[in-house]
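Mapping of the sequence shown onto the numbering used here: residues 11 to 515, in sequence order.
We treat Cβ as the ideally placed atom computed from N, Cα and C, and that holds for glycine.
Below: the structure, in structure tokens.
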Amino acid sequence: MLAQTSPAIIKVDSSYIFLTLGSFFVLYCVAYISYYRYIHPLSRYPGPFVASFTNFWKVYQLWTSHLPDNLIKVHQKYGSVVRVGPNDLSFNSAEAVTQIYKAGRDMPKTGFYEGFTTFNPNLFGTRDEDIHAIRRRQLAHGFSMQSVKDMEEYIDRHIEKLLEVLEGQAKTGEAFDLKEFFAFYMLDVLGDLAFSQSFNAQVDQKPEKLPPINDHVFLACLMGMMPEMLPYLRAAAAWTPLPWLRRLFRARAQLKSLTAQCVRRRLDEKVNGRKDLLTSLINAVDPVTGAKLTEIDINTEAFAMIVAGAHTTAGTLTLLFARLLQNSEILDNVVAEIDSNIVAVPGQAIGISGLEQRIPYSTACINESFRINSVFTMTLPRSVTSPTGAEIDGHWVPKDTAVFSLNHVVHHNPALWGADTFKFDPSRFLGPEKEDSKRRLGPFGVGHRMCIGRNMAMTSILKVLTTLLKNYQLEMVDPKQKIVTANVGISEMEGPLMCLANKRH
Ligand code: HEM
């Protein structure tokens, strides 16, 4: 009897258990979603429904590689403050930028930055404000304008190599990818300025040898957007079957090994008293203990230079040239300004001293290019730490909320720039509006965590722009090519920038 009934009892029991568990799960999901959507302190803020209870909305936007443009769209739909994650608010006003990024230690970096850690947390990624202050002081001199000027001859060497490369193209009349040429150029400059060694990328001209910075940044942003998943994602590095994830982890390992090699070589080699960015780190001492930095400490900071330095500047140059080459009237003005204000020897790089002041129109074009296409387009979130919360752009925000104001979104806010925010118009940075426009522009970030490499980047941008246009007449193979950017945390122009060159003199 028992033998006949027991299977039936077990069957009833197991389906009952599944039903009960299933009901609990559904109830839990309903309660979870209802709490985050309707009861959570951020529930009063509008935003996409899915974003109110899961970080996957942000991750999906990153995955599409159009997160910055999609953020513009959600601000158009929901207003000046948008809830883009269970615990995240995005702002688009100039006031919010000041209140978030100039709050100093009151609004430190969030767990997002932990996704970037490869050796140890570096100047860019560290959330420890004391360590940040020490490192920033140690590195400040090396990145100063004076120091960049002292290293100018090494930048010139690579600009003149770029001219040579263009000369070859001009002679054959063949089309070339200017985006690739800028990537090779900037990698060589970075190698020289950071480690006193050129990567010889301009000589080799092998795109496959460019460091896979985008993959590392994409992985970092992906992990940073789900900080609670970080330990699992790190563990997944060893065994994940997903080919794309394996590729990202491989890219990070490749960059790590490249950095360690560059640092070791620099430490082994005599550089005959030459100063580079690593010199400040090699000579740095701990202000309390007097101890020198370890090799891992140096690797840690060198890694930030490789990741943050080359790709950003090369990407900016590409987008600037694309905009100019598509706007012939603006390009003519730039060339006329360079011709009348700068005396230069053909084939030689133009000096940085006083350059920016002599070319206000061209500088306005650089600023407008930064406005329309900032390249450092990760969200850069900060955490509200005050127990009473904070007021941002007139809104009360509770403690522990992640808040950010993405430069690309602020740069396309019609309330700040007018209705034509997608039009390339350098006049925004000329005339009476000029100072206000410059104040609203934030391609290098704002506050005490803003870019330390600005002088180095601007020096390359100004010198390359003027030297190339003084020596060559450039044109796009397809002037109607639509300029679209792909973003994985750092933005770059999608596809190649195919050009033709003619020597001017
Ligand atoms: C056009 C080129 C560049 C752009 C648009 C850019 C943009 C930025 C931005 C927006 C930040 C702020 C990040 C934050 O708030 O979390 C930043 C930080 C940083 N950048 Fe740049 N950057 C550029 C070039 C460079 C170069 C050439 C280097 C060095 C070789 C560099 C090294 C760094 C470092 C180390 C930080 C962290 C600074 C800190 O937290 O104190 N960047 N950059």
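* **Close beta carbons around L12, own chain, < 7 Å, minus the five adjacent residues each side** => Annotation note: pLDDT 42 at L12 (below 50); position unreliable, coordinate value reported separately. Closer than 7 Å at Cβ, skipping near neighbours: no residue.
* To do: Mind the definition here: the stretch 392 to 403 touches the stretch 108 to 123 only if three or more C-beta pairs lie below 8 Å; say whether that holds.
  => Inter-segment contact for the stretch 392 to 403 and the stretch 108 to 123 is present: three or more beta-carbon pairs are separated by less than 8 Å.
* To do: Over the uninterrupted alpha helix (DSSP H) stretch that includes Y88, give me the two end residues.
  => It spans L77 to Y88 - the alpha helix (DSSP H) in which Y88 sits, taken as one unbroken run.
* Verify whether the separation of the beta carbon atoms of M155 and N481 is less than 7 Å. => Contact: no.
* Compute every distance between the C-beta of M315 and the non-hydrogen atoms of the ligand HEM, then say whether any falls below 6 Å. => Yes, since a heavy atom of the ligand HEM falls inside the 6 Å radius drawn around the Cβ of M315.
* **Close beta carbons around Q14, own chain, < 8 Å, minus the five adjacent residues each side** => Low confidence applies here, because Q14 scores a pLDDT of 49, under 50, leaving its location unreliable and the question unanswered by this model.
* L390: CB within 6 Å of a non-hydrogen atom of the ligand HEM -> Checking the Cβ of L390 against the ligand HEM gives yes.
* Nearest candidate by alpha-carbon position, reference E174, set Q212, I144, R145 and S208 -> If we check each option's Cα against that of E174, Q212 comes out closest.
* Asked: DSSP on Y482, reduced to helix/strand/coil?
  -> Correct three-state label for Y482: strand.
* To do: Mind reading off the beta-carbon distance from T322 to I500? Whole number of angstroms is fine, and I expect it under 8 Å.
  => Under the criterion of beta carbons closer than 8 Å, T322 and I500 qualify as touching, at roughly 6 Å.
* To do: Please classify G505: does DSSP put it in a helix, a strand, or coil?
  => G505: coil per DSSP, three-state reduction.
* Can you tell me whether W67 is buried or exposed, with buried defined as 16 or more other CB within 10 angstroms of its CB? -> Note on W67: 16 or more other CB atoms within 10 angstroms of its CB, so buried under the neighbour-count rule.
* Are the beta-carbon atoms of Q71 and N65 separated by less than 7 Å? -> Between Q71 and N65, the CB-CB gap reaches or exceeds 7 Å.
* Bounding residues of the alpha helix (DSSP H) (the contiguous stretch that carries I141) -> Where I141 is concerned, the enclosing alpha helix (DSSP H) stretches over E139 to F153.
* Asked: Who pairs with V407 in a beta bridge, going by DSSP?
  -> Under DSSP, the beta-bridge partners assigned to V407 are A400.
* Are H593 and T387 closer than 7 Å when you measure CB to CB? -> For the chain, the structure presents residues 11 to 515; residue 593 sits outside this window and is missing.
* To do: Answer yes or no: the CB of M466 versus the heavy atoms of the ligand HEM, is any distance below 6 Å?
  => Under cutoff, so the answer is yes.
* **Cut-off 6 Å between Cβ atoms - residues of its own chain near I292, not counting five sequence neighbours on either side** => There are no such residues.
* Straight-line gap, G361 to T108 (C-alpha atoms, nearest Å) -> C-alpha separation (whole angstroms): 34 Å.
* May I have the straight-line CA-CA distance separating A185 from A467, to the nearest angstrom? => A185 and A467: Cα-Cα distance of roughly 27 Å.
* Give the DSSP-derived three-state secondary structure of R284 in the structure shown. => Correct three-state label for R284: coil.
* Can you tell me whether DSSP reads L12 as helix, strand or coil? -> For L12, the predicted model reports a pLDDT of 42, less than 50, meaning its position is unreliable and no value from the coordinates is stated.
* Could you tell me whether any non-hydrogen atom of the ligand HEM is closer than 6 Å to the CB of C461? => Within the cutoff, so yes.
* **Of the residues F63, L29, P58 and S33, the one placed nearest S44, counting alpha carbons only** => For S44, the nearest C-alpha among the options comes from F63.
* **Rounded distance between the beta-carbons of Y88 and P56, thought under 8 Å** => Confirmed, Cβ separation roughly 4 Å.
* Asked: Heavy atom of the ligand HEM less than 6 Å from the Cβ of L29, yes or no?
  -> No.
* Under the assumption that L203 contacts Y164 (Cβ atoms under 8 Å), give the Cβ distance between them as a whole number of angstroms. => Right, their Cβ atoms sit about 6 Å apart.
* Can we count F454 as close to the ligand HEM, meaning its CB is less than 6 Å from some heavy atom? -> The ligand HEM approaches F454 closely enough that one of its heavy atoms is under 6 Å from the residue's Cβ.
* Can we count V420 as close to the ligand HEM, meaning its CB is less than 6 Å from some heavy atom? -> Within 6 Å of the C-beta of V420 there is not a single heavy atom belonging to the ligand HEM.
* Output yes or no for whether 7 Å exceeds the beta carbon distance between A412 and N97. => Here A412 is near N97, since their CB atoms are less than 7 Å apart.
* Name, in chain order, the residues that DSSP records as bridge partners for T495. => Note: T495 sits in a beta bridge opposite M503.
* Asked: So what does DSSP say about N337, is it helix, strand or coil?
  -> N337 falls in the coil class under three-state DSSP.
* Rounded to a whole number of angstroms, what is the C-alpha to C-alpha distance between D138 and L335? -> In this model, D138 and L335 are separated by some 44 Å (Cα to Cα).
* **Nearest-angstrom beta carbon gap, G183 and G319 [assumed within contact, 8 Å]** => Their Cβ separation, rounded to whole angstroms, is 33 Å, which puts G319 and G183 out of contact at 8 Å.
* Give a single yes or no on whether R146 has its beta carbon closer than 6 Å to a heavy atom of the ligand HEM. => Checking the 6 Å criterion, the Cβ of R146 is within range of a heavy atom belonging to the ligand HEM.
* Kindly indicate which residue of L329, P251 and K513 has the alpha-carbon position closest to the one of I493. => Ranking L329, P251 and K513 by Cα distance to I493 puts L329 first.
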